[in-house]
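Colleague:
In our numbering, the protein residues as written are 17 to 468.
#1: Expressed to the nearest angstrom, what Euclidean distance is found between the alpha-carbon atoms of residue 451 and residue 406?
#2: Where residue 174 and residue 336 are concerned, what is the direct C-alpha to C-alpha distance, given to the nearest angstrom?
#3: Which residues does DSSP list as the beta-bridge partners of residue 39?
#4: Quick check on the DSSP output: the beta strand (DSSP E) that includes residue 398 runs from which residue to which?
#5: Ignore the nearest five residues each way along the sequence and tell me which others in residue 40's own chain have a CB closer than 8 Å to its CB.
#6: Which stretch, first to last residue, makes up the alpha helix (DSSP H) that contains residue 411?
#7: Give a yes or no on contact between the stretch 433-441 and the stretch 395-404, applying the rule of three or more CB pairs nearer than 8 Å.
#8: With a threshold of 8 Å, are at least 3 pairs of Cβ atoms found where one atom belongs to the stretch 373-386 and the other to the stretch 336-356?
#9: How far does the beta strand (DSSP E) with residue 257 in it reach, from first residue to last?
#10: Going by alpha carbons, who is nearest to residue 215 out of 237, 198, 238, 167?
#11: From the DSSP output, which residues share a beta bridge with residue 341?
#12: Measuring straight from C-alpha to C-alpha, what distance separates residue 222 and residue 187?
#13: Quick one: is residue 20 buried, meaning 16 or more other Cβ sit within 10 Å of its Cβ, or exposed?
#14: Quick one: give me the first and last residue of the alpha helix (DSSP H) that residue 246 is part of.
#15: Check whether the Cβ of residue 404 lies closer than 7 Å to any Cβ atom in chain D.
#16: Indicate the three-state DSSP secondary structure (helix, strand or coil) for residue 387 in the structure shown.
#17: For the candidate residues 364, 225, 242, 226, whose alpha-carbon lies nearest to that of residue 278?
#18: Using the three-state DSSP reduction, which class does residue 194 fall into: helix, strand or coil?
#19: Is residue 397 near residue 408, with beta carbons less than 7 Å apart?
#20: Would you give the residue range spanned by the alpha helix (DSSP H) that residue 28 belongs to?
#21: Span of the alpha helix (DSSP H) holding residue 353?
#22: Is any heavy atom of the ligand FAD found at a distance shorter than 6 Å from the C-beta of residue 232?
#23: So what does DSSP say about residue 464, is it helix, strand or coil?
#24: Between which residues of its own chain and residue 455 is the CB-CB distance below 6 Å, once the five residues before and five after are set aside?
#25: Taking only three categories from DSSP, how would you classify residue 235?
#26: Which of the three DSSP states is assigned to residue 120 in this structure?
#27: Look at residue 144 and residue 177 and say whether their C-beta atoms are less than 7 Å apart.
#28: Using the Cα positions of residue 340 and residue 17, report the straight-line distance between them to the nearest angstrom.
#29: Could you check which residue in 164, 361, 257 has the C-alpha nearest to that of residue 391?
#30: Which residues mark the beginning and the end of the beta strand (DSSP E) in which residue 161 is found?
#31: Measuring alpha carbon to alpha carbon, tell me which residue in 368, 371, 131, 393 is nearest residue 357.
#32: Does DSSP put residue 94 in a helix, a strand or coil?
#33: Taking only the alpha-carbon atoms, compute the straight-line gap between residue 129 and residue 35 and give it to the nearest angstrom.
#34: I need the DSSP call for residue 346, collapsed to helix, strand or coil.
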């Protein structure tokens, strides 16, 4: 490490653009631990239930952190070599070549020059020593993730050692590095990003079955989730073969969803389409669970399900190519289309009828009712808690010609309500001052009369 630091300092003193690279070794997302039993207690040792302690040491073959179980009643052998700070950071340098217009990896410790593969740990190395995050620091204190340059198996191995994105697809690592990154308009940065992306796309096919799982480039039909399919499928659409499995590009993996889920995305099923898959339904609400149980009882009795319909315990799944953009029912004679509950479902902008406007304003429904304007309460989603689903109401939907009137009325009403609140606040303040002054007068009167 000291050699790499001195080498980077020497290069910078010569006027060369030099970055210092560090391979971070975070705690692995999964641990493989093996318990090693201690020796049996000898008769000479004091009786009683021995307590156990756990010590982690480096295994001989795999290098994995292994716990050793020992007891106070056991004649133990010399303790294994424990590691308090297990794995030091690995550091090397990159020097920018203006002739080749690229960064050249240089490690004075290994004697490796322009050979990124030599700096990647072997597959037999400990899991924590595997390549997961490689960051580069330049003279301007900017930080850049260059892991793809040094990883020969980014999709099959390295990407799985990193924390996944958040619930909304937010990449916390990119967001963190953005605070220390250079400007997006820097041409050198853009060129390097393009090369790193190209290196990811050119990755070769994995050599084991586990490498295909969630690989960004390749997919196997046997590893698909229950809501995924390969389309188009067949030998003519495969890009290779791994043992007995056909290998498809990851772009051929299509997501499946129910009719209701596609509707929330502004998509409607094409009438002639049939479900591609039928999977076991998720009974989230108590009502759905009761319906499934009732259908089981009816089936055991040989009766038709009450109310008809399909099997509530199964869900029909469709692909996006079986859907089209949802077209909302039009406004007829000024009447807003409603569902059976008297509301309008507005899960997606496509569900807004032509010529209608959504007004997500508090109290706007009461104003529309006072003014006699036709409206429908908008349901924009559902909240699930304790086995029940509660609709999320957000404003109203009105005809376009009535929107401006309601906006002005709402603004005027807000001003009026604010004035009333101000008067109430003034009344409270004056009342408190009146009470305070009366208390002072009473205190003064009592002091004059009874103090002496």
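Even for Gly, the Cβ is constructed at its ideal location relative to N, Cα and C.
Modeller: Reading it off the structure:
#1: 47 Å
#2: 31 Å
#3: 106, 150.
#4: 391-401
#5: Non-local C-beta neighbours of residue 40 in its own chain, meaning closer than 8 Å and more than five positions away in sequence, comprise 105, 148, 149, 150, 151, ordered along the chain.
#6: Note, residue 411: premise wrong, no alpha helix (DSSP H); beta strand (DSSP E) at 404-415.
#7: no
#8: no
#9: 256-258
#10: 167
#11: 283
#12: 25 Å
#13: buried
#14: That residue, residue 246, is in no alpha helix (DSSP H); its beta strand (DSSP E) goes 244-246.
#15: Any reference to chain D falls outside this structure, which holds one protein chain only.
#16: helix
#17: 364
#18: Shown here, residue 194 sits in a helix according to DSSP, grouped into three states.
#19: yes
#20: 18-29
#21: It is not in any alpha helix (DSSP H) - residue 353 carries neither H nor E in the DSSP assignment.
#22: What this structure holds is no ligand at all, so the ligand FAD is not there to describe.
#23: Helix at residue 464.
#24: none
#25: strand
#26: strand
#27: No. Outside cutoff.
#28: 59 Å
#29: 361
#30: 159-161
#31: 393
#32: In this predicted model, residue 94 has a pLDDT of only 48, less than 50, meaning its place in the structure is not dependable enough to derive any value.
#33: 14 Å
#34: coil
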